[in-house]
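Numbering (our numbering), first residue to last: 1 to 291.
Every residue gets a Cβ at the ideal spot worked out from N, C-alpha and C, and that includes glycine.
Right, one structure below, let's go through it.
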């Protein structure tokens, strides 16, 4: 059977098996307006009692001009607001790990970033180096060109190699650059991520000219990977409305450099969102843990 046929089979099986709750049909994601109308609980304050929207956020700083002072400030904010993780370029992993050593905030870094065009061996070596220096989450870029040409076996082998290298040591999030893909390419690639053992699928690097995350892409990823993988929306998420739409569509992680603004803007809405995700049955690895 060809790699293309393998991917068709996996995509079909993934979409069918995940259409599911107990009566057979996948429930629709909650409408943003419904979530926004939920009553607000009393907001918390300080580390350990922040509004739970923070737990969705990967506090991200990937610009090439970032300095050590910028990374220290990023980690300070992540600790203060209780974000799920910081996401930094690999050169800063040691510093981030040291700054967050006694904190529940995870240290994420990027692999094969931003093009995904590194060889598999290079991605594995990057992953091993990052984990040795304290990374507990790896956001790897899939081989986008191979997805576009339908080389599905190569795509899966690339993802699986990093997943196997990270086994028991770090979560793996696979970036698919969904804005550059057709819907069927998204479906096939996400299904292969699930087959390869990834912990999350992720929309975007935030660096591609085609654009970043959309609620439609998030909903499609959620449909394909079902209830046991995380879905990370990233790329262009700067406002409260942006983030709310992504979570309503099924995202369990938000990659953004605007996390502080999100917490200040509508942190009090997070508990109703979280309850709705739990009601729908979505389950994803907790930040900083290994499946």
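If you count every other CB in all the chains shown that lies within 10 Å of the CB of residue i, and 16 or more means buried, which is it?
| i | result |
| --- | --- |
| residue 112 | buried |
| residue 46 | Residue confidence for residue 46 is low, a pLDDT of 36 falling below 50, so the modelled location carries little weight; the figure read from the coordinates is stated next. Exposed, because fewer than 16 other Cβ atoms sit within 10 Å of the Cβ of residue 46. |
| residue 264 | exposed |
| residue 141 | buried |
| residue 202 | buried |
| residue 33 | Its pLDDT being 37, under 50, residue 33 is placed unreliably in this model, and the coordinates cannot settle the point. |
| residue 242 | buried |
| residue 67 | exposed |
| residue 256 | buried |
| residue 240 | buried |
| residue 65 | exposed |
| residue 119 | exposed |
| residue 182 | exposed |
| residue 209 | exposed |
| residue 84 | buried |
Provide the residue span of the alpha helix (DSSP H) that contains residue i, from first to last.
| i | result |
| --- | --- |
| residue 182 | First-last for residue 182: undefined, no H or E at that position. |
| residue 108 | First-last for residue 108: 106-111, but that is the beta strand (DSSP E), not the alpha helix (DSSP H). |
| residue 74 | 68-81 |
| residue 166 | 152-166 |
| residue 137 | Not the alpha helix (DSSP H): residue 137 falls in the beta strand (DSSP E), residues 137-141. |
Are the CB atoms of residue j and residue i within a distance shorter than 8 Å?
| i | j | result |
| --- | --- | --- |
| residue 212 | residue 236 | yes |
| residue 245 | residue 225 | no |
| residue 127 | residue 166 | yes |
| residue 249 | residue 218 | yes |
Using a beta-carbon distance below 8 Å, is residue i in contact with chain C?
| i | result |
| --- | --- |
| residue 65 | Here there is only one protein chain, and chain C is not present. |
Along the chain, where does the beta strand (DSSP E) that runs through residue i open and close?
| i | result |
| --- | --- |
| residue 237 | Neither: residue 237 is in no beta strand (DSSP E) and is coded neither H nor E. |
| residue 85 | 85-88 |
| residue 58 | 57-61 |
Compare the C-alpha of residue i against each of the options and name the closest.
| i | options | result |
| --- | --- | --- |
| residue 110 | 151, 61, 84, 188 | 61 |
| residue 82 | 69, 65, 64, 104 | 104 |
| residue 143 | 134, 71, 121 | 121 |
| residue 145 | 136, 135, 229, 189 | 189 |
Three or more C-beta pairs closer than 8 Å, one from the stretch 92-100 and one from the stretch 158-171: is that the case here?
no
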